[in-house]
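Contents: one structure, followed by commentary.
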Amino acid sequence: ASRCWAPVRRGGRAPRGPSGTMMLTNKAKQQGPRPAQRKTAERPKLDDLIEKRDYVGAITLIEFEAQQRREAKSASGWQLNQQTGEYEWVAGGTVPENGDDPEQDVEQMRWLAFAAFHSGDFKKALDTYTRLIELVGEQEPTLHVYAACCLLGLGWYKDAEERAQRAPVSPLQNRLLFHLAHRTNDESKLMLYHQKLHDTTEDQLSLASIHYLRNHFQEATDIYKRLLLENRDYAALNVYVALCYYKLDYYDVSLEILNSYLTQHADSAVALNLKACNQFRLYDGKAAEAELAPLLGGAASIDKIEFDLVRHNMVVFRNGERAMQVLPALIDVIAEARLNLVIYHMHHGEVEEAYNLMKDLEPTSPQEYILKGVVNLAMGQALDSREHLKVAQQYFQLVGASASECDTIPGRQCMASCFFILRQFDDVLIYLKSIDAYFPSDEVFIYNYSIARAAAGQTRDAEAGLLSLLQTSNADQYRCARRAAPIAAPAADP
Numbered sequence: 040a041s042r043c044w045a046p047v048r049r050g051g052r053a054p055r056g057p058s059g060t061m062m063l064t065n066k067a068k069q070q071g072p073r074p075a076q077r078k079t080a081e082r083p084k085l086d087d088l089i090e091k092r093d094y095v096g097a098i099t100l101i102e103f104e105a106q107q108r109r110e111a112k113s114a115s116g117w118q119l120n121q122q123t124g125e126y127e128w129v130a131g132g133t134v135p136e137n138g139d140d141p142e143q144d145v146e147q148m149r150w151l152a153f154a155a156f157h158s159g160d161f162k163k164a165l166d167t168y169t170r171l172i173e174l175v176g177e178q179e180p181t182l183h184v185y186a187a188c189c190l191l192g193l194g195w196y197k198d199a200e201e202r203a204q205r206a207p208v209s210p211l212q213n214r215l216l217f218h219l220a221h222r223t224n225d226e227s228k229l230m231l232y233h234q235k236l237h238d239t240t241e242d243q244l245s246l247a248s249i250h251y252l253r254n255h256f257q258e259a260t261d262i263y264k265r266l267l268l269e270n271r272d273y274a275a276l277n278v279y280v281a282l283c284y285y286k287l288d289y290y291d292v293s294l295e296i297l298n299s300y301l302t303q304h305a306d307s308a309v310a311l312n313l314k315a316c317n318q319f320r321l322y323d324g325k326a327a328e329a330e331l332a333p334l335l336g337g338a339a340s341i342d343k344i345e346f347d348l349v350r351h352n353m354v355v356f357r358n359g360e361r362a363m364q365v366l367p368a369l370i371d372v373i374a375e376a377r378l379n380l381v382i383y384h385m386h387h388g389e390v391e392e393a394y395n396l397m398k399d400l401e402p403t404s405p406q407e408y409i410l411k412g413v414v415n416l417a418m419g420q421a422l423d424s425r426e427h428l429k430v431a432q433q434y435f436q437l438v439g440a441s442a443s444e445c446d447t448i449p450g451r452q453c454m455a456s457c458f459f460i461l462r463q464f465d466d467v468l469i470y471l472k473s474i475d476a477y478f479p480s481d482e483v484f485i486y487n488y489s490i491a492r493a494a495a496g497q498t499r500d501a502e503a504g505l506l507s508l509l510q511t512s513n514a515d516q517y518r519c520a521r522r523a524a525p526i527a528a529p530a531a532d533p
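Numbered per my numbering, the sequence shown spans residues 40 to 533.
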């Protein structure tokens with residue numbers, strides 16, 4: 040956290056006589072020992088702040104010291120010309136704003152850009168690197184690749200690529216261009232820069248992150264685990280491994296790895312958030328919310344929470360509470376915000392709003408393909424549109440037949456939904472029966488299973504399933520389905 044400093048008042052003055060001369064008395068001895076004087080707060084050192092990763096504190100210190108230098112220069116007779124950015128002596132002549140020791144100021148600017156980048160303030164970092172390039176850019180062309188990294192963080196991919204090309208060839212430049220190729224979906228460039236990666240820790244970390252972003256979680260896990268064996272001190276790699284296991288649905292394994300990391304780094308926001316997500320998958324929203332307590336900062340409501348990711352996840356953990364106040368603003372910040380907003384609209388019967396959010400999205404993950412299928416299925420039912428139903432069937436088939444998803448529960452649900460749309464109910468039952476044990480009390484699953492059984496001629500089993508739904512709190516919506524089971528349409532969730 041940043042710190043500020045103010046003059047600390049010293050102890051009181053010694054008593055003086057009428058003429059102003061200092062008087063020495065024994066009053067202090069008679070009254071006992073004086074209270075201890077307050078010590079002046081020691082100014083932190085920049086190296087210590089960087090070592091502690093207190094980047095906001097480092098920025099505050101650098102800017103405070105720069106302001107002190109400016110004030111000292113102004114007090115000595117120099118005045119800053121706002122138009123030229125140079126100091127002018129009152130009697131004439133000029134001196135650059137970076138003062139009497141330009142090397143020191145340039146070094147401070149480097150640290151300011153470094154701290155701003157690592158704190159996530161990419162705009163401040165970019166502005167600082169731009170000023171550095173103007174000052175020493177010819178001597179240090181590598182500054183261009185640092186500026187390009189800031190542009191990547193800001194999402195300005197074209198500008199980032201152009202800036203990176205102005206830098207000399209280096210491993211960092213190649214890694215940056217590698218990530219830009221992924222962000223811009225340029226497969227040819229992606230393969231080109233992939234071939235230039237080496238067996239260094241930095242290059243392998245970059246490769247693992249691309250595997251993760253492309254949903255190749257097992258490949259990413261293998262790289263992280265190998266690097267962890269080679270570099271035992273890289274404790275943060277445990278969080279990356281835990282994140283991969285979370286994506287692979289091994290929530291208990293992910294939790295075990297995280298708990299080991301959190302014993303040494305109990306205040307890690309990333310680790311705490313990931314632990315909460317695991318608890319949500321294994322248990323419920325309340326268990327997840329309890330893990331996020333240290334990150335909530337005493338916020339009065341969800342939309343007052345400081346961190347975007349925590350604010351987003353709290354909406355999920357509380358089953359959509361404050362979704363319309365929180366999620367729309369996060370659509371361009373957190374990829375999952377759009378998907379969860381779509382789910383919120385679907386749960387509230389707002390099919391058209393959900394469809395509008397998804398229609399221009401090019402799916403890249405199984406979750407996005409599934410949600411595109413669900414939304415098109417709902418639109419097909421609402422508009423009696425065979426076109427939307429066909430699109431939904433294709434999306435479900437893509438997921439259910441893929442090598443990575445065919446043996447997962449969502450994958451089999453997708454194949455069941457695909458055959459449901461095609462009205463091949465015997466095939467529907469094959470897939471639903473294979474996952475029946477995982478949904479003993481799920482009303483949507485029981486409903487779909489019963490409808491498929493009825494359509495396949497297994498009316499007795501269908502009736503038993505529908506009768507069990509009449510004992511639930513949502514019994515009224517199932518009464519007509521029991522009477523007209525063979526022609527009912529599937530529910531929205533696959």
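The C-beta atom is built at its ideal place from N, Cα and C for all residues, glycine as well.
Are residue i and residue j touching if we call contact CB-CB under 9 angstroms?
i, j, result
"H218", "I262", "no"
"N379", "A362", "yes"
"A455", "V438", "no"
"I460", "L505", "no"
"A186", "R202", "yes"
"L301", "L287", "no"
"D342", "L321", "no"
"L151", "E102", "yes"
"I485", "Q452", "no"
"I448", "Y408", "no"
"D347", "V372", "yes"
"G324", "R357", "yes"
"K163", "I89", "no"
"S489", "D500", "yes"
"Q243", "L266", "yes"
"L171", "R205", "no"
"L182", "F161", "no"
Figure out for me which residue from the options has the closest Cα to the Cα of residue i.
i, options, result
"L335", "F478, D306, D323, Q318", "D306"
"V597", "K343, I382, L215, P333", "Within the shown structure, residues of the chain are numbered from 40 to 533, placing residue 597 beyond reach of any answer."
"N602", "D225, S443, A274, P207", "Because the chain spans 40 through 533 in this model, residue 602 falls outside it and cannot be assessed."
"H237", "E391, A247, P210", "P210"
"Y273", "D288, Y251, Q303, T223", "Q303"
"L294", "T260, V309, L313", "L313"
"K228", "L244, A247, E200", "E200"
"H386", "A310, I373, E360, V175", "E360"
"L297", "K286, D288, L287, L282", "L282"
"G450", "G412, A493, K162", "G412"
"S512", "E482, E502, R499", "E482"
"Y289", "N317, H351, S299", "N317"
"V208", "N224, E226, V184", "V184"
"E173", "E426, V145, T99", "V145"
"N224", "T403, G96, D347, I89", "T403"
"Y285", "A275, A315, L266, N395", "A315"
"Y232", "L244, T240, L216", "L216"
"E401", "N358, E426, A374", "A374"
"D446", "K91, D93, Y470, A259", "Y470"
"A495", "L509, P479, Q463", "Q463"
"A155", "L331, K235, R92", "R92"
"F435", "C188, L509, A308, C457", "C457"
"T239", "F256, Y251, R222, N213", "N213"
"T260", "R271, H384, V280, A275", "V280"
"F153", "V175, C189, E142, Q143", "C189"
Along the chain, where does the alpha helix (DSSP H) containing residue i start, and where does it finish?
i, result
"C535", "There is simply no residue 535 to check, as the chain begins at 40 and stops at 533 in what is shown."
"C316", "308 to 321"
"H384", "374 to 386"
"Q510", "Segment: none, Q510 is in no alpha helix (DSSP H) and carries neither H nor E."
"V208", "Counting along the chain, V208 falls outside any alpha helix (DSSP H), and DSSP gives it neither H nor E."
"D87", "85 to 90"
"V465", "According to the sequence provided, residue 465 is Asp. The question's Val does not apply to it. Run containing D465: 464 to 473, per the alpha helix (DSSP H) assignment."
"N415", "405 to 422"
"L369", "362 to 369"
"A494", "482 to 494"
"F435", "425 to 439"
"S227", "226 to 234"
"R393", "It should be noted that the sequence gives Ala, not Arg, for residue 393. Here the alpha helix (DSSP H) through A393 covers 390 to 397."
Report task. Evaluate the contact criterion for the region 154 to 170 versus the region 104 to 113: three or more CB pairs, one atom per stretch, below 8 angstroms. Result -> The region 154 to 170 is not in contact with the region 104 to 113.
Report task. Quick one: which unbroken alpha helix (DSSP H) runs of 4-plus residues sit fully inside the region 238 to 303? Chain order, please. Result -> Annotation note: the region 238 to 303 contains the following uninterrupted alpha helix (DSSP H) runs of length 4 or greater, listed N- to C-terminal: 240 to 252, 256 to 269, 276 to 286, 290 to 301.
Report task. Would you list, in sequence order, the uninterrupted alpha helix (DSSP H) runs of no fewer than 4 residues that lie entirely inside the region 325 to 351? Result -> Runs of the alpha helix (DSSP H) inside the region 325 to 351: 332 to 335.
**Report entry** beta strand (DSSP E) runs contained entirely in the region 133 to 183, provided each spans 3 or more residues
**Finding:** Counting only runs of 3+ residues, the beta strand (DSSP E) found wholly inside the region 133 to 183 occupies 133 to 135, in chain order.
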